[in-house]
Every structure is written in C-alpha cells, then in structure tokens.
Amino acid sequence: MLQIDRIHAGYGPIEVLKDVSLEVHEGEIVTLIGSNGAGKTTTLMCVSGLNRVRSGRIVFDGHDLQDVSADRIVHRGLAQVPEGRKIFPRLSVRENLEMGAFIRNDRDGIEEDMGRAFALFPVLKQRQTQLGGTLSGGEQQMLAIARALMSRPKMLLMDEPSMGIAPLLVVKIFDAVRELNREGMTVLLVEQNACLALKLAHRGYVLETGEIVLSDAGSALLTHPRVREAYLGEV
Amino acid sequence: MSRWAQSRASWLKPDFVFLAVALVIPVLDLILPGFLQIGSQMRQIFLFAILGLGLNIVTGFTGLLHLGVAAFMAIGVYAFAILSSEIYPFRFGFWGALALTPVVGALAGLLLGAPTLRLRGDYLAIVTLGFGEIVQDVLRNVETVTKGTQGINPLPYPNVFGYEFVTETYQPWYFLFLGIVVLVVALNRNIENSRLGRAFISVREDELAATCMGINTVKIKLVAFALGAALCSLAGGLWASYLGSTGEPGNYDFQVSILAVCIVIVGGMGNISGVLLGALVMIGIDSLVLVQLTRYLQQQGLSSTANVMSMPNNWKYMIFGLALVLMMRFKPEGLLPSRRVKAELHHDEPPKPADRLCPNCGYPTGTSTVCTECGATVAASS
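These protein sequence lines are chains P and X, in that order.
Start counting the first sequence at 1; every next residue gets the next number (the numbering used here).
Start counting the second sequence at 1; every next residue gets the next number (the numbering used here).
Below is the structure:
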C-alpha cells in the first residue's frame, strides 16, 4: 500500500534521512523504531507531505506522492496522528472530531463514524462537550487518533502515540490500534517505546541516524540481540 | 443537533438588542428635538462596525494580525469614486459602484495576500502595516488617477426608488448603513457556522493540525484575507458616498487601522456581537461622548479652541490607550468574548476534572462513578 523507495531528506545543510526504504502492505501494522534524532518523525513527515524529500520516491496506493501537497494527501486516504497530538485546544471534543471529517460531506456517514469513535474510546463520549485542551494527555491522544479516523483513511500514520502518557493509558491506546487493525486499518507507527511497538506490529524497521539498519517481523526483532541491547535495555 | 447550531441560538441575542437600539435612536431624535441628537453620528459607528467585522474575519476567526485595514478602506473609497464619478468613463452610479467596490477590495486583498501569507505572526503584521503606508503614498502621488490630496469629488448620492439622498437629512443614510450592517452581520454569522468558518478557526488554532485535516492553510488564509478586504472596501465605498468625496488619502492612515484593531480587541476577538459592541464603545467615545462633552464645555465657557488641553476630543488617543491597557489587565478576552477565547484566557476556571482512573482496568472515568470500560464502581475522589 505504501512504498518508500530510497528517500533522502533533511533540513538545510543537515541530511537526516540517507537512503531510507520501507514498505507497508495493506492490513499491516508496521513500526519504525529508533532513538531520538534517528529520523523517524522526518520519515513520517515526508510521507504526509509536511516535509519534502530531496530524492527518492514515495508511492501510496499506486500513486506517486512527489508533487502532492500535504492537505491533498489527506484526501488520498492517508491520515496522520501528529507528534504531540496537536488537537484543537479551544474546540470541544465533538468539534475536534467534526474537524477530522472536514474533507467529507456525508452527514450520516460522519455521524456514524462519530459513533464508532465513541465506541473505540468511550471516554471521548463522556467528554464530547469539553474543550480539547482540558483533556488529559492520554485522552488527547485518543482524540487525535479518533479525529484522524474521521476522514475515513485507508491508512493511518502515527507519530509516537505513547509520548508523555500514563503507561496504563498507553496500553489502552495500543489495544485500540490493534482493534482498528483487526477491522482492516493499515498502520505505520513510529515509536520510541520499542518493546510495546514491536509486540503490536507485524513487521518492524530499525532506524539509526537516518539509515534502516534492521528489518524483520515484530516478534523476531523483539528477540534480536542488537535490538535488545540498544532499545530494550538488556546487556 | 450540532454544537455549532446550539451556539448560534445563544449568540444571536445581543445582535437583536443592538438592532432594537439602532431602530429606536432615529425615533428618539425625532420626538425629542432638544435631546442628544446622536443619529447623525451613529453612521460612523455603522461604518466602523463593518470595518471591524471585516477585520474580525482575518484576525478574529483566522488569527492573522492585520494592521492595515485602512489601506483596504482607502482602496474601497477610491474604487467607489473611480467607478461612480462623472469625471471617469465608468459611471456605474451609486448601486453599481457599491456592488463592485468589495470585488475590487477582494482582488486587492488577494494581490497582497498571495505573496505574503506564508509569513507568520508578527511578520505578517509588519507587512500589512507597511502596505497601509504604501497605499496612502500611492494614492497621494498617482495624481492623474486619484487627484492627489484634492481627492475625487463630487460623488453620486444614492437614489432609492426615485428618492434622492441629500446631506441635510441623515435618516435615509442611517437606514441604508444600518441595512448594510445587518447584511454584513448575517454574512459573518453564516461564515462562522459554515465549513469555511471552521477552516478559519482550525487555522487559527493550529496550522499543522489543520493541514492534517486536509485543509490547504495558505488557500484558507487567502480567502480570509480577501473576504476581510472586501468588507473593509465596502465600508470605504459607503464612507466615500456619504462624504460625497474621497477626501485626502491621509484620512486613511494607521490611526484608522489601529482603531479597527481596538474595536475588535475591546469588543471580543472572534465574536461578531463583540465587534458590534466594540464599535459602539470606541466610536461612541470618539464621535459621540467626546464631541458632546466638548460642545457642552464650550457652551459653559470651560474650554476653548485656544487651549488644546481643555478640549476633551483631543484626549481621545490617551483615552483609547488607557481603555486598551485596562482591558488587557482586567478583561483580556473583550467585553463580549467568544466562548473559545474566554476558555483559553480563563483556563483556571472552571477547574480541569481530575484524571481519575478505574482501579479495576485503569481506564479514565472522568466525573462518572461507574467505569465505562469494565463497569466497576469507582470510589468518589477525595
């Protein structure tokens, strides 16, 4: 569904991504793990069009995303849950979800998806009139995921959904992602929490200073000595 | 029912209060000949309400600080003059020229916006500020078209079903301006509750998030800019017809722009009723209270034109400045704030509900005493 083919990207004179290639098949959860500054977020931003690649190709659903602007990429069915959640703090939970459905016009379908979002994260239903900014970090993350789903995407890009969130809620959020995937959603997940991400994902890629150094099934990477040493805190 | 529709019902009320007051004033003037007689000056309030509502789309809804609305007002003034004056070949008459004026304004807005709207925050504010000065200088110096400091005159007065407007009776003007204010308010309300309005607000709240929703933020900012410019030009066109002349380009200077900004801030940024109240308060002080006070003091022999300090209307900028400082200190969200701005500036009240987790499954339960996830009873928090 998504092919990233030998992309290079960076900021000014700094080259962040050096020849990164990865692939996500339909119905898969693929995770990209790595330490701070490895280029995980940059990779995701290149896919979502918020950052431009210097060379290489990104193909989504058979279409090259080279000259497609970030807002049009959402119309193509690729929704992003941005790093740091980026919910609209002064809009209510319900309004945030309505914004998520901005590209759609089918009122009934939107209402139906709103119900699905509330079923996935019941706490959002309780909080639907509350302003987004008054939610806890975990609830905001749930809202960000639900909001991204409101555009009925074919694929979800998630940038560190566990960042700064109580561990119990992280488990809830990861369960929800697993549930979404069971219903057919394709997910590319960028995470620092390697253990959780690899347990969730079908396949994983390890990014180190802008290069993919390992790729394998999630369970295989969990037991890979290099991953265990570098990311899972074992000697 | 959506939240958007709900909020609409509760926000409409102040508008009707304003409309009722506006309808009563000319009646008062008529039945109480010796009393106040403020109807004539009310026209200024209407003009600045339109200007404020134009700025509100750009600054209030979309969050772009715009310090050059006077430039678009001036463009409206001159567009109206050139399209309607006898000395130019167009001669569209009052209504034709008034209808085309916002179109010219919107085009000017697009022209300024297209290269500059990628700038953010303060940088954009500086560009708009500079644009305001440039427009004045251009109007002053392109004498073959604008007649320089002399201005273009005379301009046609409106004619409604054969009734010719004249300078001496203000009532027809009053209702014309009021009618246009009502139309502009209705337009603003519709924008606010539309998809476009939501796009404006999302750009103000978080541009990156707006992009992630599939919104082309540059395009949306451009639309906001053009709409704001169109309304400011409309105010300019009305102003020119009421004066019967463009006046001098220096009339549309930074003071006009900053007055419009004050109206939006004092009234309540992003709230349409707030902008109307802001126009009433700010222009009311400027052209009603201070003018009447000066006249009264002169009658009493307490002030004279010889002593500048004794004239209350010379104190207006100090009063505006003081009003802004006091507003920022005590009511930064404005007199009639929008729900969202208030929520942000007073986030200490109401308190954020504690994030209570279900002891059984760890799911957040909010204020409920039963966990929505597993059904376990949650003890009331201390």
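Ideal Cβ placement from N, Cα and C applies to all residues, glycine included.
Residues of its chain near residue i, where Cβ-Cβ distance is below 8 Å and the 5 sequence neighbours each way are ignored
i: Arg-52 of chain P; result: Ala-9, Cys-46
i: His-63 of chain P; result: Arg-76
i: Phe-88 of chain P; result: Glu-95, Asn-96, Met-99, Gly-132
i: Lys-219 of chain X; result: none
i: Ile-215 of chain X; result: Ala-199, Ser-202, Val-203
Coil, strand or helix - residue i by DSSP
i: Ile-201 of chain X; result: helix
i: Asp-253 of chain X; result: coil
i: Phe-88 of chain P; result: coil
i: Ile-283 of chain X; result: helix
i: Phe-390 of chain X; result: Outside the displayed range of chain X (1 to 382) lies residue 390 of chain X, so it cannot be described from this structure.
i: Arg-127 of chain P; result: coil
i: Ala-217 of chain P; result: strand
i: Ala-147 of chain X; result: Checking the sequence, you will find Lys at residue 147 of chain X rather than Ala. Three-state result, Lys-147 of chain X: coil.
i: Ile-38 of chain X; result: coil
i: Gly-96 of chain X; result: helix
i: Leu-65 of chain X; result: coil
i: Val-166 of chain X; result: coil
i: Glu-95 of chain P; result: helix
i: Leu-232 of chain P; result: coil
i: Ile-87 of chain X; result: coil
i: Glu-183 of chain P; result: coil
i: Ala-354 of chain X; result: Only weak support exists for where Ala-354 of chain X lies, its pLDDT of 47 falling under 50; the value from the coordinates is given anyway. The answer is coil: DSSP assigns Ala-354 of chain X none of H, G, I, E or B.
is_contact[residue i, chain P] using C-beta, thresh 8 Å
i: Asn-193 of chain X; result: no
i: Ser-305 of chain X; result: Here residue 305 of chain X is Thr; the residue named in the question, Ser, does not match the sequence. Not an interface residue.
i: Glu-164 of chain X; result: no
i: Ser-202 of chain X; result: yes
i: Thr-59 of chain X; result: no
i: Arg-3 of chain X; result: Residue placement at Arg-3 of chain X is poorly supported in this model, since its pLDDT is 49, which falls under 50; the coordinates still yield a value, given next. It does: the Cβ of Arg-3 of chain X has a partner Cβ on chain P nearer than 8 Å.
i: Lys-352 of chain X; result: Its pLDDT being 46, under 50, Lys-352 of chain X is placed unreliably in this model, and the coordinates cannot settle the point.
Boundaries (first-last residue) of the alpha helix (DSSP H) holding residue i
i: Arg-147 of chain P; result: 137 to 149
i: Asp-137 of chain X; result: 121 to 141
i: Gly-237 of chain X; result: 217 to 243
Same chain only: Cβ atoms within 7 Å of residue i, ignoring 5 sequence neighbours per side
i: Phe-46 of chain X; result: Phe-177, Leu-178, Val-181
i: Leu-139 of chain X; result: Ala-74, Tyr-78, Thr-146, Pro-249
i: Arg-90 of chain P; result: Leu-131, Gly-133
i: Lys-125 of chain P; result: Phe-118
i: Met-213 of chain X; result: Ser-202
i: Ala-226 of chain X; result: Ala-106, Gly-109, Leu-110, Gly-113
i: Ser-219 of chain P; result: none
Endpoints, the beta strand (DSSP E) within which residue i is located
i: Tyr-205 of chain P; result: 203 to 208
i: Leu-158 of chain P; result: Looking at the sequence itself, residue 158 of chain P is Met, so the reference to Leu does not match. Here the beta strand (DSSP E) through Met-158 of chain P covers 155 to 159.
i: Tyr-11 of chain P; result: 2 to 11
i: Ala-306 of chain X; result: Premise fails: Ala-306 of chain X is in no beta strand (DSSP E) and is neither H nor E.
i: Arg-57 of chain P; result: 55 to 60
i: Thr-186 of chain P; result: 186 to 191
i: Asp-71 of chain P; result: From DSSP, Asp-71 of chain P is part of no beta strand (DSSP E) but of the alpha helix (DSSP H) over 70 to 75.
i: Glu-15 of chain P; result: 14 to 24
i: Gln-80 of chain P; result: 78 to 81
i: Val-30 of chain P; result: 29 to 33
Close beta carbons around residue i, own chain, < 6 Å, minus the five adjacent residues each side
i: Pro-312 of chain X; result: Leu-290, Leu-293, Thr-294
i: Ser-215 of chain P; result: Tyr-205
i: Ile-188 of chain X; result: Residue identity check: residue 188 of chain X is Asn in the sequence provided, not Ile. Same-chain partners within the cutoff: Leu-53, Ile-272.
i: Tyr-157 of chain X; result: Phe-165
i: Asp-106 of chain P; result: none
i: Ile-57 of chain X; result: Ala-224, Leu-227, Gly-228
C-beta neighbour in chain X for residue i, strict 8 Å
i: Gln-141 of chain P; result: no
i: Asp-67 of chain P; result: no
i: Ser-151 of chain P; result: yes
i: His-63 of chain P; result: no
i: Leu-50 of chain P; result: yes
i: Asp-159 of chain P; result: no
i: Val-74 of chain P; result: yes
i: Ala-176 of chain P; result: no
i: Pro-82 of chain P; result: yes
i: Asp-108 of chain P; result: no
i: Ala-70 of chain P; result: yes
Using a Cβ-Cβ cut-off of less than 8 Å, list which residues of the stretch 85 to 106 of chain P approach chain X; keep chain order. Lys-86, Ile-87, Phe-88, Pro-89, Arg-90, Leu-91, Ser-92, Arg-94, Glu-95, Glu-98, Met-99, Gly-100, Phe-102, Ile-103
Taking a Cβ distance cut-off of 9 Å, strictly less, list which residues of the stretch 241 to 270 of chain X are near chain P, in chain order. none
Chain P contacts made by the stretch 267 to 296 of chain X, where a contact means CB separation under 9 Å: Listed in sequence order: no entries.
Any residues in the stretch 171 to 200 of chain X with a beta carbon nearer than 9 Å to a beta carbon of chain P? Which ones, in chain order? Those residues of the stretch 171 to 200 of chain X that come within reach of chain P (Cβ to Cβ, closer than 9 Å) are Arg-195, Arg-198, Ala-199.
Interfacial residues, the stretch 203 to 217 of chain X to chain P, with Cβ spacing under 9 Å: Residues of the stretch 203 to 217 of chain X with a Cβ closer than 9 Å to any Cβ of chain P, in chain order: Arg-204, Glu-205, Asp-206, Leu-208, Ala-209, Ala-210, Thr-211, Cys-212, Met-213, Gly-214, Ile-215, Asn-216, Thr-217.
Closer than 8 Å between beta carbons: that is the criterion. Which residues of the stretch 192 to 214 of chain P meet it against chain X? Cβ contacts with chain X: none found.
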